[in-house]
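Residue 472 in numbering that gives the first Met the number 0 sits at position 473 of the first sequence, with consecutive numbering throughout. Every residue, glycine too, gets a C-beta built ideally from N, C-alpha and C. A short worksheet on the structure shown next.
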Amino acid sequence: MAFTNFIRQAVITGLEELYHQSFAENDFQINETKQEFEGDYTIVLFSLVKKLKLSPETLAKSLGEYLVNRNPGIIAGYNVIKAFLNLTLADDYLQAFLNDNYQNEKFGEKKPTGRKIMVEYSSPNTNKPLHLGHLRNIFLGWSTAEILKATGNNVVKTCVVNDRGIHICKSMIAWQKFANGATPESTHTKGDHFVGDYYVKFNDEYKNEVKELTDKGIDEKQAEKDAPIMKEAQQMLLDWEQGKPDVVQLWKTMNGWVYKGFDKTYKRIGADFDQIFYESNTYLSGREFVRKGLEDGSFYKKEDGSVWIDLTEAGMDEKLLLRGDGTSVYITQDIGLAKQKFEDYKLDESIYVIGDEQIYHMKVLKEICKKLGMPFYDKIFHLSYGMVELTTGKMKSREGTVVDADDLVDEMIDTAKHHTETLGKVNDFTGDELRQLYETLGLGAMKFYLLRVDPKKRMVFNPRESIDFHGFTGPFVQYTYARIQSILRKFGDASSMVNRQWSIVNGQSPVVNPETEREKLLPLERQLIISLEKFDNAVVQAAEELNPSVIANYVFQLAQTYNSFYTEHSVANAENEVKKNLRIGLSVMTANVIKSSLHLLGIQVPERM
RNA sequence: GGCCCCGUAGCUCAGUGGAUAGAGCAACAGCCUUCUAAGCUGUGGGUCGAACGUUCGAGUCGUUCCGGGGUCACCA
């Protein structure tokens, strides 16, 4: 049982027995004791003072006395400052916890909940390569999915590919006009970049044409409409919707190139999906609901034939659902897809990882589903995240200020290589081992950097300073892991730490073998055990908040604690065998928890670095 | 303009209504013949955007204002 849960129950029982009143879990607070005071956990009793009509000191003292007497071997002592009751856990209890868990590689994982949750993330357009913003989305989505798995949920990772629309037609037109039959193979270009280049080419050409027209004295807005290349793109979209064979063929070919490129990037950064939805397959499916909504009066038709919903009652606007010409818009297909997700997978929850500029859109989607009487409307959850901005402002693909995902990954791996070579600690590695290490460290730095910040906050990426490898970073945590492995290699099989003098049965007082020698825990040893135990809560909190930064902050704090311990105390040359075994156990468990934490962030651990 | 999000050290960020607000980076001073110095220890650095209010207690909750961003398309 988690330490704080145990204390909470003990306090409730104690208060009821002492004062013959019943108490709830939120009648008082349990915090970690601040560094400057003695103790491990602090119970804040101010809120009870009124209810019990006692002075804070009297209450805290009585309760402290009770807790120590009734929980031998668990709560070793207390002290009182005002209404702060500071408790010190018993060494035996902490060591029993370590003994019971240090070899458990699944520590922190929860029992199955039976719930099925879909996490949609990445969801790119097929007209240009992935960029830094996608990376935040992908890492966030992947990590959230893993955190939900760890808390016992059945998770389906999905991706919705925006493979149709005017954007891809733009690339197609530009390719037809300017490529002379070139392909990714013939130019040795990654497919998504290849297609993206023609999207840029389209915009350049478009800009030129608009300028030519405005030079002739045509109004700019009119020129934007009249530019021939734009008209060609629009015509192509119509041709595509009508299934014109050569257009469909070109569309398939070019999307194929893009997917090949995306797959390469996904594989490299460790993203994976259980199911992929293509917008070209789903974009028509919303229309039926529009028809149904018209019938039951949820929606209404304007003179031009367009269909609308009035959401002003829910504090929103009127929203277009179907164009006058009968074609669907973004939200139309989203309704269909939302339903399909729930029907195909029988979901308990459907999470959308989408940028915060679409908060309103997602609110509208939920509201429409509600109006249509779809029972799942309140199981849709928008996990929104802030944009990644550059120090120079926003990223704009048309202005070439986008940080490309592949470029950034290359850069991070180069940086890892540079640091590693400078330090020269792994000169005996083979070429493959080195490449593996650079990827582990480079990606670790990048993922940690993007995940350590609360998702909902906007974040600034400084391309010049790039991403650090020191301090609050992925490599810092990875380094701590590698250091521990270095120690453990000396001892062969770490399970040889046979230390069966402590054990906890059913959350009761620890069983202690009286034959064994006992050593008092040193402050850093205590701190480390308490820090390890907190992983359990960190996982729960991260899952409740859908917030991987909780894990990043936790594991950094753990690594810091271990590093202090490491500097202060020797494992191999411990004062005696009892201490040595204890410290091996501490090291094994720290390594396990670091590995688990980083896994939840999509980061691997190196044995050496 | 309506609605939503954000504002904490020079920079990037933590901070379940509780004790003297914390990390990392940057700056400065120390620590490698002893398990990996991508590390550790210390110093300096704050009107928690502002003002009222609720409370025994507010960075945290409420109201108003200031500053930054998003959104309100027959775009996706």
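Can you grab the Cα-Cα spacing for the pair residue i / residue j, in whole Å?
i: residue 358; j: residue 136; result: 15 angstroms
i: residue 104; j: residue 554; result: 15 angstroms
i: residue 220; j: residue 206; result: 12 angstroms
i: residue 446; j: residue 547; result: 11 angstroms
i: residue 142; j: residue 599; result: 6 angstroms
i: residue 53; j: residue 80; result: 15 angstroms
i: residue 139; j: residue 395; result: 22 angstroms
i: residue 237; j: residue 375; result: 34 angstroms
i: residue 248; j: residue 242; result: 10 angstroms
i: residue 495; j: residue 480; result: Since pLDDT at residue 495 reaches only 49, below the 50 mark, its modelled position is unreliable, and no value is offered.
i: residue 146; j: residue 597; result: 11 angstroms
i: residue 432; j: residue 420; result: 13 angstroms
i: residue 244; j: residue 119; result: 32 angstroms
i: residue 499; j: residue 25; result: Any reading at residue 499 needs caution, since the residue's pLDDT is 49, under 50, leaving its predicted position unreliable; the model's value is listed next. Rounded to the nearest angstrom, the two C-alpha atoms are 37 angstroms apart.
i: residue 33; j: residue 560; result: 15 angstroms
i: residue 552; j: residue 325; result: 50 angstroms
i: residue 196; j: residue 270; result: 24 angstroms
i: residue 425; j: residue 482; result: 13 angstroms
i: residue 527; j: residue 282; result: 54 angstroms
i: residue 497; j: residue 579; result: Because residue 497 sits at a pLDDT of 47, beneath the cut-off of 50, its placement in the model cannot be relied upon, and the following sentence gives the value as read from the coordinates. Roughly 11 angstroms between the two C-alpha positions.
i: residue 10; j: residue 35; result: 24 angstroms
i: residue 373; j: residue 110; result: 30 angstroms
i: residue 377; j: residue 340; result: 14 angstroms
i: residue 585; j: residue 566; result: 14 angstroms
i: residue 582; j: residue 2; result: 21 angstroms
Please state if the CB of residue j and the CB of residue i are separated by a distance shorter than 8 angstroms.
i: residue 328; j: residue 319; result: yes
i: residue 568; j: residue 523; result: yes
i: residue 276; j: residue 159; result: yes
i: residue 174; j: residue 229; result: no
i: residue 117; j: residue 364; result: no
i: residue 18; j: residue 51; result: yes
i: residue 85; j: residue 57; result: no
i: residue 520; j: residue 592; result: no
i: residue 344; j: residue 155; result: yes
i: residue 609; j: residue 404; result: Absent from the structure is residue 609, since the part of the chain shown begins at 0 and ends at 608.
i: residue 161; j: residue 115; result: no
i: residue 440; j: residue 608; result: yes
i: residue 428; j: residue 422; result: no
i: residue 366; j: residue 332; result: no
i: residue 78; j: residue 37; result: yes
i: residue 466; j: residue 411; result: yes
For residue i, collect the residues of the same chain with a Cβ closer than 6 angstroms to its Cβ; drop the 5 residues on either side in sequence, then sort them by chain order.
i: residue 88; result: 39
i: residue 284; result: 335
i: residue 218; result: none
i: residue 30; result: 41
i: residue 106; result: 100
i: residue 355; result: 383 and 385
i: residue 313; result: 366
With a CB to CB cut of under 8 angstroms and the five nearest residues on each side skipped, what residues in its chain are close to residue i?
i: residue 13; result: 62, 65, 66 and 69
i: residue 130; result: 394, 396, 401, 402, 403 and 404
Enumerate in chain order the residues of its own chain whose CB-to-CB distance from residue i is below 7 angstroms, with the five nearest sequence positions on each side excluded.
i: residue 250; result: 167, 171 and 239
i: residue 222; result: 209, 212 and 213
i: residue 306; result: 289, 293, 298, 300, 320 and 321
i: residue 541; result: 146, 547, 549 and 550
i: residue 179; result: none
i: residue 200; result: 173 and 177
i: residue 489; result: 571
Tell me which residue opens and which closes the alpha helix (DSSP H) that residue i is part of.
i: residue 376; result: Neither: residue 376 is in no alpha helix (DSSP H) and is coded neither H nor E.
i: residue 300; result: From DSSP, residue 300 is part of no alpha helix (DSSP H) but of the beta strand (DSSP E) over 298–300.
i: residue 287; result: 286–294
i: residue 186; result: 183–186
i: residue 595; result: 576–599
i: residue 5; result: 2–18
i: residue 207; result: 190–214
i: residue 264; result: 244–268
In terms of residue numbering, what span does the beta strand (DSSP E) encompassing residue i cover?
i: residue 31; result: 28–31
i: residue 604; result: Where residue 604 is concerned, there is no enclosing beta strand (DSSP E), given that its DSSP letter is neither H nor E.
i: residue 117; result: 115–119
Count the CB pairs spanning the region 211–224 and the region 283–297 that are closer than 8 angstroms, and state whether there are at least three.
-> Taking 8 angstroms as the limit for Cβ pairs, the verdict is that the region 283–297 does not touch the region 211–224.
Would the region 114–133 and the region 256–268 be scored as touching if the rule is three or more Cβ pairs under 8 angstroms?
-> At 8 angstroms Cβ cutoff, the stretches touch.
Given 8 angstroms as the limit, is there contact between the region 440–456 and the region 412–425, that is, 3 or more CB pairs closer than that?
-> Under the three-pair Cβ rule at 8 angstroms, the region 440–456 counts as touching the region 412–425.
For the 8 angstroms Cβ check, are there 3 or more pairs between the region 449–457 and the region 378–386?
-> By the Cβ test, the region 449–457 is in contact with the region 378–386, since at least three Cβ pairs between them sit closer than 8 angstroms.
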